[in-house]
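S.K.: Here the numbering used here = 1-based position in the first sequence + 35.
There's a structure below that I have some questions on.
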Amino acid sequence: MTRVSLSRLPGERVLAVEDGGERTLALAELPSYVAGREGDGPRWVWDDTARWYPPLLAAGVRVARCHDLRLGHHLLRRAPAVEARLLAGEQSEHWDRLGPSTPSDPALFAADDTAEHLRANLEDARQLAAVARASGPGEAARLELLLAAESAGALVAAEMTYAGVPWRVDIHHHLLTDLLGPRPPRGARPALLQAAVAEVREALDAPGLNPDSRPELLTALRRAGLEVTDTRASTLRALDHPAIEPLLRLKRLSHLFSTNGWAWIDQWVSGGRFRPSYQPAGSATGRWSSNGGGALSFPVQVRPAAVADDGWTFVVADVAQLEPRVLAGMSGDRALARSARGADLYQGMVDDGAVASRNDAKLGLLGAMYGATSGESGRMVAGLTRRYPAAFGLVEEAAKAGEHGEVVRTLLGRGSPGLGDPWDLDPDATQVDPDSELRLRRAYGRFTRNFVVQGTGAEWALCWIADLRNRLWRLGGAGPLESRPHLVFFLHDEVVVHTPVDLAEDVAASVAEAAATAGALLFRDLPVDFPLNVSIVRSYADAGKPGATAEG
DNA sequence: GATGCTAGCGCC
DNA sequence: AAAGGGCGCTAGCATC
C-alpha cells in the first residue's frame with residue numbers, strides 16, 4: 036500500500052513524500068490534494084491526526100487510512116518486542132517529547148520551531164523498521180495491527196469531535212429549570228439550590244453555613260451531634276437526621292449545576308452539537324482519555340438532551356462484559372470461553388457449575404482483574420482459579436511480574452509503563468522505608484494485573500470501532516461524513532452512531548459484524564463471543580431500556 | 001493572580 | 001482489620 040507522508044515546511048507549505056518521489060504544495064492546497072489522492076487508497080502518514088485531520092474534515096475531506104506517528108512512536112518506545120535503538124535518529128528526541136495537541140493549544144502549525152517541522156518520512160522509516168524487526172513469532176504482525184487500529188482510532192476521534200453529538204439545548208434547559216429553577220445571574224445559586232441551602236441551615240441550626248465549604252459543613256454536622264469525618268454522600272446516607280435529606284438533595288443539584296449546567300452548555304455545545312475532545316491512548320493502558328467536555332462521564336442526568344436529528348436516529352451499542360471475555364480470549368482459557376457463549380458470561384459460569392450465583396461469578400472475576408485479595412471477592416477468586424486456571428493464572432502472573440518490577444504487555448504488544456515511570460504514583464515518594472516499598476510494589480502489581488486485561492480490552496475496542504467506521508462509510512451514499520451514518524460517541528465499550536432512520540437496521544447489523552471481526556482479529560486461536568446490547572433510539576437516554584432493543 | 005493539591009462525584 | 005483497576009471535572013484551599 037502506498038504511504039504518503041506529510042510534513043509541514045516553513046512558510047505555509049507542506050512536503051509530501053512517497054516511494055515515487057516528493058513534492059511540495061501550499062497548505063491551502065492540502066485538502067484538494069488529499070481528496071485527489073484518496074482514490075488510490077494511500078495511508079497518510081503525519082505527526083498527529085489531531086492536527087492534520089480537522090482542517091481536512093472542515094473542508095469536506097475524509098480519509099480512509101492514516102498512520103499517526105506520535106501515537107506510533109510512544110507505543111513502539113514502550114513495546115517490549117521493539118528495540119528502542121531502532122527508533123533513535125535524526126529528530127527522534129523531538130518525537131520522544133511530542134505531547135498531544137489539545138483544544139486549548141489548537142493552532143495547527145502555529146509556531147515555527149523544529150517540533151513544528153518534523154520530517155514525517157524519517158520517523159516513518161524508523162517505525163517501519165522497528166516493527167519489521169520486532170522480536171518473537173508473530174510480533175510484527177500484531178504490532179502492525181495495533182498501529183493500524185490506534186491510527187484508525189485517532190481518525191474516529193477527530194471525526195466524532197467534528198460531527199458532535201446532536202444536542203437539544205432546549206431540552207437541556209428544561210431539565211435544568213425543572214430541577215434547579217431559572218438560570219441565575221453569574222455567581223448566584225439557582226432558586227431551588229438556594230432553597231436546599233436554606234433547609235440545611237435550618238435543620239443544622241447554622242444560619243451562616245456555607246455548605247460548599249467542607250470544613251464548615253463538617254463543623255456544623257458535628258455540632259448537630261453527627262460523628263462524621265467526611266462529607267461524602269455515601270457516609271451521610273447512613274445517618275438519621277433531618278438535615279440529611281436536604282443535604283443530599285443539595286449535593287445532587289449542586290453537582291448538576293456545576294458540571295453540566297448552563298455554563299457547560301455555553302462551553303461545550305455549539306450549533307446543536309456537543310463536541311467533547313478525545314485523546315486516543317490518553318491513558319497508560321491505551322484507553323482513551325479526554326481533555327475537554329467530559330466525554331468520559333456523560334452523565335445519565337443529561338442524556339435526555341442527546342436527541343437524533345429529524346429523520347435520523349441513534350444506534351447505541353455496548354459490549355456485555357468486555358474484559359472477562361477478553362481475558363478468556365487472550366489466556367486461551369477454553370472453560371471460560373465456553374461460559375462466555377451467550378449473552379451473559381456470569382450466568383454462563385453458573386450454568387457451567389463453577390459458581391453458585393451470578394453475583395459470585397461477578398465478584399470473583401472483578402476481584403481477579405482488580406486484585407482483590409480479601410473479603411467475599413477474594414474468596415471467590417481462590418475457588419475460580421481451580422475452575423479457570425488459564426484465565427486466572429494469566430492475571431496472577433501479570434501481578435507477580437509487576438510486584439517484581441517487571442513490565443507487562445497486552446496481547447498486541449503494548450507495554451506497561453515501568454515501575455520507575457510515572458504511572459500513578461506520588462513522585463515525591465522516596466521509598467526508603469521498606470513498608471512503603473512493599474506497598475508500592477503491591478500497588479504496581481495491581482496495576483499490571485489490570486493493565487493486561489484493560490489494555491487488551493482497549494485493543495479489542497479499537498479494532499471494533501475501526502472496522503465499524505469503514506462499514507458505516509460503505510453504508511452511506513456519496514455525501515460527506517455527516518450526511519451518512521457516522522460515529523458520534525465512543526467510551527471504552529460503548530458506541531453511539533447517528534444514522535438516517537432507514538439505515539438504522541443496517542447500522543445495527545454492522546455494529547455486530549464489526550464486533551465479530553474484532554474478536555476474530557485478536558483471538559483467532561480461540562473463538563470468543565462478544566454479544567452486544569443494541570438499541571435504536573431517538574434519545575440516548577432511552578438506550579438499553581426494554582423496547583429499545585434492535586435485534587438479538 | 002496563577003498553580004497544584006484534595007475531596008467528592010461522575011463514567012467505564 | 002482491611003486490603004480493587006482506569007479516567008475527568010469542579011470547587012475549595014493552600015501556597016507561592
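All C-beta atoms in this analysis are idealised placements derived from N, C-alpha and C, irrespective of residue type, glycine included.
1) Take the Cβ of residue 437 as the centre, count every other Cβ of all protein chains shown within 10 Å, and call the residue buried at 16 or more, exposed below.
2) In the DSSP output, which residue or residues are listed as bridge partners for residue 568?
3) Taking DSSP as the reference, what is the three-state secondary structure of residue 313?
4) For residue 480, which residues from the same chain have a beta carbon less than 6 Å from its beta carbon, with the 5 sequence-adjacent residues on both sides left out?
5) Thinking C-beta only, is residue 232 closer than 7 Å to residue 246?
6) Taking the alpha-carbon of residue 518 as reference, which of 375, 554, 556 and 348 has the nearest alpha-carbon?
7) In whole angstroms, what separates the C-alpha of residue 49 from that of residue 169?
8) Residue 239 and residue 273 - do their beta-carbons sit closer together than 7 Å?
9) Which runs of the alpha helix (DSSP H), 4 residues or longer, sit entirely within the stretch 384-419?
10) Leaving out five residues on either side along the sequence, give the residues of the same chain with a beta carbon under 6 Å from the beta carbon of residue 321.
11) Between 214, 172, 445 and 510, which has its C-alpha nearest residue 297's C-alpha?
12) For residue 109, name the three-state secondary structure that DSSP assigns.
13) Rounded to whole angstroms, how far is the Cβ of residue 103 from the Cβ of residue 83, which I believe are closer than 8 Å?
14) Name the DSSP beta bridge partners of residue 535, please?
15) Spatial neighbours of residue 304 within its chain, please: CB distance less than 7 Å, with the 5 preceding and 5 following residues excluded, ordered by chain position.
16) I'd like to know whether the C-beta atoms of residue 378 and residue 566 end up nearer to each other than 7 Å.
17) Identify the residues that DSSP records as bridge partners of residue 44: which are they?
18) Run through DSSP, which three-state label would residue 574 get?
19) Closest by CA to residue 96, which one among 79, 223 and 105?
20) Within 6 Å: the Cβ of residue 394 and any heavy atom of the ligand NAP?
21) For residue 405 versus residue 393, is the C-beta spacing smaller than 7 Å?
22) Quick one: give me the first and last residue of the beta strand (DSSP E) that residue 333 is part of.
23) Please tell me whether residue 426 and residue 368 are closer than 7 Å, where the distance is taken between their beta carbons.
24) Straight-line CA distance for residue 544 to residue 554?
25) CA-CA distance, residue 401 and residue 557?
26) Using CA atoms only, rank isn't needed, just tell me which of 538, 451 and 547 is closest to residue 529.
27) Ignoring anything shorter than 4 residues, give me the alpha helix (DSSP H) runs that lie fully in the stretch 250-308, in order along the chain.
28) To test your reading of the DSSP string, which unbroken alpha helix (DSSP H) runs of 4 or more residues are found completely within the stretch 160-236?
29) Answer yes or no: do residue 171 and residue 116 have a C-beta to C-beta separation smaller than 7 Å?
30) What is the residue span of the beta strand (DSSP E) that residue 56 lies within?
31) State yes or no: is the C-beta of residue 73 within less than 7 Å of the C-beta of residue 62?
32) Out of 112, 158, 121 and 128, which has the shortest C-alpha to C-alpha gap to residue 42?
33) Could you name the residues of the same chain whose beta carbon sits closer than 8 Å to that of residue 98, not counting the 5 residues immediately before and after it, in chain order?
34) To the nearest whole angstrom, what separates the beta carbons of residue 521 and residue 507, a pair I think is in contact under 8 Å?
35) I believe residue 578 touches residue 351 by the beta-carbon criterion, under 8 Å. Please report the beta-carbon distance rounded to the nearest angstrom.
36) Could you tell me the distance, in whole angstroms, from the CA atom of residue 124 to the CA atom of residue 39?
M.R.: Let me lay it out:
1) buried
2) 353
3) strand
4) 434, 437 and 438
5) yes
6) 348
7) 32 Å
8) no
9) 393-405
10) 449, 490 and 493
11) 214
12) helix
13) 7 Å
14) 347
15) 202 and 204
16) yes
17) 48
18) strand
19) 79
20) With respect to the ligand NAP, the structure shown offers nothing to examine, as it has no ligands at all.
21) no
22) Premise fails: residue 333 is in no beta strand (DSSP E) and is neither H nor E.
23) yes
24) 16 Å
25) 22 Å
26) 547
27) 268-272, 279-295 and 297-303
28) 174-198 and 204-215
29) yes
30) 56-61
31) no
32) 158
33) 69, 73, 79, 88, 91 and 190
34) 6 Å
35) 4 Å
36) 21 Å
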